[in-house]
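Report on the structure given below.
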Amino acid sequence: DGGITQSPKYLFRKEGQNVTLSCEQNLNHDAMYWYRQDPGQGLRLIYYSQIVNDFQKGDIAEGYSVSREKKESFPLTVTSAQKNPTAFYLCASSIDQGGGAMNEQFFGPGTRLTVL
Amino acid sequence: DAKTTQPNSMESNEEEPVHLPCNHSTISGTDYIHWYRQLPSQGPEYVIHGLTSNVNNRMASLAIAEDRKSSTLILHRATLRDAAVYYCILRDEGNTPLVFGKGTRLSVIA
Numbered sequence: 093d094g095g096i097t098q099s100p101k102y103l104f105r106k107e108g109q110n111v112t113l114s115c116e117q118n119l120n121h122d123a124m125y126w127y128r129q130d131p132g133q134g135l136r137l138i139y140y141s142q143i144v145n146d147f148q149k150g151d152i153a154e155g156y157s158v159s160r161e162k163k164e165s166f167p168l169t170v171t172s173a174q175k176n177p178t179a180f181y182l183c184a185s186s187i188d189q190g191g192g193a194m195n196e197q198f199f200g201p202g203t204r205l206t207v208l
Numbered sequence: 014d015a016k017t018t019q020p021n022s023m024e025s026n027e028e029e030p031v032h033l034p035c036n037h038s039t040i041s042g043t044d045y046i047h048w049y050r051q052l053p054s055q056g057p058e059y060v061i062h063g064l065t066s067n068v069n070n071r072m073a074s075l076a077i078a079e080d081r082k083s084s085t086l087i088l089h090r091a092t093l094r095d096a097a098v099y100y101c102i103l104r105d106e107g108n109t110p111l112v113f114g115k116g117t118r119l120s121v122i123a
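Protein chains in written order, with our numbering: chain A, 93 to 208; chain B, 14 to 123.
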C-alpha cells in the first residue's frame, strides 16, 4: 500500500541523547515536511524539503536537524540542544508538480517522543 | 500566510448535520481554503478544499461566502467517527507547507 511510514510509534530517550526519527514515503512525492505537536496545540513546522539534497527551516528548527539524501526518506534528528523535546512528531509529504496551492499533504501516523 | 479564526470547540448529536465555521477576512485572491481533520492520536487527513465555488466530496461539503471572507465545512450526518479537531487553512499559490492553527474540536454525542 502507498503511504507514509513513521517508526517507532512510541520512543523513549534519556535527556542529553540525540535521537533520530524515521520517515519514509512510497508515494513518489517531491516534498516532505516535519511538524511538532504539543498537547492541545496545532502543528508547528520544524523543517521541510521540496527536493532531494535541499531543505529549509520552519518556524521551530532550533535543536533539530534533517537530511534528504533520497526522495523517499526524510529523517529528523532531535539533538540534545532541543530544550523541550517531548512531543508528538508528524511527518508529511506532497507532490510538487505545479498546482501548488491545491496540493494535498499526506501525513504519517506520528511518533510520540518522551525524553526522561 | 493569511490567518483564520475558528471556534475552539463545537458539539453535535450523532446523525445530525454539523456546520463548522471559519473566518478569514484577510484572504487574498489566490488563497485556497483547505480543511484537514485530526482524529485522536493520528496525523491530520485532508478533508476538502476550494477557491471560490462551493465544493462537495464524499466526506463533506465546503460552502464559501461570496466575498470569500468566511467559509463553512458541512458534515451532512455526523457520526462518532467524525469526532476530531478540524483545521481551516489558507494556502497561497506556492507549494508551501500548511500552517496550522488550533482548529475546532468537534465532539459527537450518541
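Cβ atoms here follow ideal geometry from the backbone N, Cα and C, with glycine treated the same way.
Every value quoted in this text rests on a predicted model; they were computed, and no experiment measured them.
Interface flag, residue i vs chain B, CB-CB below 8 Å
i, result
"Tyr140 (chain A)", "yes"
"Gly200 (chain A)", "yes"
"Gly150 (chain A)", "yes"
"Tyr102 (chain A)", "no"
"Gln133 (chain A)", "yes"
"Tyr156 (chain A)", "no"
"Gln117 (chain A)", "no"
"Glu196 (chain A)", "yes"
"Tyr181 (chain A)", "no"
"Leu233 (chain A)", "The question about residue 233 (chain A) has no answer, for chain A in this structure spans 93 to 208."
"Leu137 (chain A)", "yes"
Proximity of residue i and residue j at Cβ, strictly below 8 Å
i, j, result
"Ala73 (chain B)", "Leu88 (chain B)", "yes"
"Met78 (chain A)", "Tyr45 (chain B)", "The structure shown does not extend to residue 78 (chain A), since chain A is modelled only from 93 to 208, so the question has no answer here."
"Gly228 (chain A)", "Gly114 (chain B)", "In the structure displayed, chain A extends from 93 to 208; residue 228 (chain A) sits before or after that span and is not available."
"Leu119 (chain B)", "Ser25 (chain B)", "yes"
"Leu52 (chain B)", "Ile61 (chain B)", "no"
"Gln129 (chain A)", "Leu182 (chain A)", "yes"
"Val207 (chain A)", "Thr178 (chain A)", "yes"
"Phe199 (chain A)", "Ser186 (chain A)", "no"
"Ala184 (chain A)", "Tyr127 (chain A)", "yes"
Alpha-carbon spacing of residue i relative to residue j, whole angstroms
i, j, result
"Lys101 (chain A)", "Arg204 (chain A)", "6 Å"
"Arg104 (chain B)", "Lys106 (chain A)", "38 Å"
"Arg94 (chain B)", "Ser41 (chain B)", "34 Å"
"Glu202 (chain A)", "Pro57 (chain B)", "Strictly speaking, residue 202 (chain A) in this sequence is Gly, with Glu absent from that position. One C-alpha to the other measures close to 10 Å."
"Ala123 (chain B)", "Ala96 (chain B)", "11 Å"
"Arg136 (chain A)", "Arg90 (chain B)", "31 Å"
"Ser84 (chain B)", "Val112 (chain B)", "17 Å"
"Asn69 (chain B)", "Gly150 (chain A)", "32 Å"
"Lys82 (chain B)", "Pro34 (chain B)", "11 Å"
"Thr92 (chain B)", "Ala173 (chain A)", "44 Å"
"Phe180 (chain A)", "Pro110 (chain B)", "18 Å"
"Gln142 (chain A)", "Met124 (chain A)", "6 Å"
"Thr171 (chain A)", "Thr97 (chain A)", "22 Å"
"Gln19 (chain B)", "Ser38 (chain B)", "12 Å"
"Val121 (chain B)", "Met23 (chain B)", "9 Å"
"Glu29 (chain B)", "Gln109 (chain A)", "50 Å"
"Thr65 (chain B)", "Tyr59 (chain B)", "18 Å"
"Lys16 (chain B)", "Glu27 (chain B)", "31 Å"
"Asn145 (chain A)", "Asp122 (chain A)", "11 Å"
"Pro167 (chain A)", "His32 (chain B)", "38 Å"
"Thr112 (chain A)", "Asn67 (chain B)", "43 Å"
Minimum Cβ-Cβ distance from residue i to chain A less than 8 Å
i, result
"Pro57 (chain B)", "yes"
"Tyr100 (chain B)", "yes"
"Leu33 (chain B)", "no"
"Gly116 (chain B)", "yes"
"Pro110 (chain B)", "yes"
"His37 (chain B)", "no"
"His89 (chain B)", "no"
inquiry  = If we require 3 or more residues per run, which beta strand (DSSP E) segments fall completely within the stretch 73–111 of chain B?
reply    = 74–77, 83–88, 97–104
task = May I ask you to verify whether the stretch 117–133 of chain A touches the stretch 147–163 of chain A, counting CB pairs closer than 8 Å and requiring at least 3?
result = yes
request  = Identify every run of the beta strand (DSSP E) within the stretch 106–162 of chain A, keeping only runs that are complete inside it and at least 3 residues long; order them along the chain.
outcome  = 111–117, 123–129, 135–143, 146–149, 156–158
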